[in-house]
Each structure stands twice: as structure tokens, then as C-alpha cells.
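See below for the structure under consideration.
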Amino acid sequence: MASPPHAVTVRGAHQFEIVGYRWSVRFYPGGFSPPHRALVSAFLKLTSKDARA
6 MASPPHAVTV RGAHQFEIVG YRWSVRFYPG GFSPPHRALV SAFLKLTSKD
56 ARA
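Residue 10 in this note's numbering sits at position 5 of the sequence shown, and the numbers go up by one each step.
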């Protein structure tokens with residue numbers, strides 16, 4: 006008999022570069038904070054030190 010499926014929630018981040026700018030995508034499958042546990046949160050962050058607006 007097969008065991009029942011078991012889900013694991015893992016937060017993660019991925020870094021990449023586009024046209025000389027470094028970015029990070031952060032993924033929170035169980036929400037970013039306790040009031041948002043039923044949601045999925047994703048954030049895009051510019052991580053280049055010399056970036057200007």
C-alpha cells in the first residue's frame with residue numbers, strides 16, 4: 006500500500022541578471038506572514054548596489 010502524499014512548503018529565492026541589473030525573486034508558498042497563510046506571496050527585488058531611478 007502506498008503512503009499518502011506529503012506536501013512540504015519551502016520558501017525560496019532565485020537571483021538573476023538582466024542588462025547589467027541584478028534581481029531576486031522571493032517566493033513564499035504559505036504566505037509572507039501569518040495572516041496570509043492561505044495565499045502565495047512573490048516579491049521581485051532589485052539587488053544591484055549601483056542602481057538608480
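We put the beta carbon where it would ideally sit given N, CA and C, even for glycine.
As the structure is a prediction and not an experimental result, all values here were calculated from the model.
Same chain, Cβ closer than 6 Å to residue i, five either side skipped, listed in chain order
i	result
V30	H19 and L49
Cβ pair residue i, residue j closer than 7 Å
i	j	result
F21	W28	yes
S53	Y26	yes
With 16 other Cβ atoms within 10 Å as the buried cut-off, status of residue i
i	result
Y33	buried
Own chain residues within Cβ distance below 7 Å of residue i, not counting five before or after
i	result
D55	none
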